[in-house]
Every structure is written in structure tokens, then in C-alpha cells.
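Numbering (this note's numbering), first residue to last: 1 to 73. The beta carbon of each residue, even a glycine, is placed where N, CA and C say it ideally should be.
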């Protein structure tokens with residue numbers, strides 16, 4: 001993303017939800033799709049309150065499983 005990274009986007013979405021009184025557990029389901037596979041980035045993404053983490057190149061089976069686990073499909 002040209003304007004901000006994914007973790008910043010997650011933080012911004014969660015802050016907007018919080019300002020409206022929406023808990024992250026009731027807010028948008030956020031699936032991080034990234035090429036960053038190191039532990040530091042994974043932990044930071046979940047720390048920013050993403051709901052799932054999918055590595056590029058995207059494995060369709062893994063993506064579908066993540067979406068099912070979030071009850072999105």
C-alpha cells in the first residue's frame with residue numbers, strides 16, 4: 001500500500017472502531033496478506049489486532065481455511 005503499511009492500516013481501523021464504541025471482537029474481520037513471514041511482523045500484526053495472517057504467494061486452501069475460521073464463508 002503506498003500511503004501506509006498494513007499494521008498501520010489495522011491500527012487505524014481499530015482506532016476508528018474504538019471511537020465508535022465497537023470492540024475489535026465485534027468489528028471488521030481483518031486478514032493481513034503479506035510477504036513478511038518473520039516472527040516480529042506476525043506478532044506485531046496480531047498486536048495491532050488483525051484476525052488472521054496469510055503469506056504471499058497466497059495459498060488458496062489456506063486463505064479459504066482462514067476465511068472459514070472467521071465465519072466469513
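DSSP-derived helix/strand/coil call for residue 34: By 1-based counting over the chain shown, the position of residue 34 is 34. In this structure, residue 34 counts as strand in the three-state DSSP scheme.
Extent of the continuous alpha helix (DSSP H) run through residue 67: Locating residue 67 in the chain shown gives position 67, counting from the first residue. Note, residue 67: alpha helix (DSSP H), 60-69.
DSSP-derived helix/strand/coil call for residue 52: Counting from 1 along the chain shown, the entry for residue 52 is found at position 52. Three-state DSSP puts residue 52 in a strand.
Collapsed DSSP secondary structure at residue 47 in the structure displayed: Against the chain shown, residue 47 aligns to sequence position 47. It is helical.
Assigned secondary structure, residue 22 (DSSP; H/G/I helix, E/B strand, else coil): As a first step, residue 22 is located in the chain shown; it is residue number 22 there, counting from the start. Coil at residue 22, not helix or strand.
Distance CB(residue 31)-CB(residue 54) smaller than 8 angstroms: Along the chain shown, one-based indexing puts residue 31 at 31. Along the chain shown, one-based indexing puts residue 54 at 54. If you check the CB distance, residue 31 and residue 54 come in under 8 angstroms.
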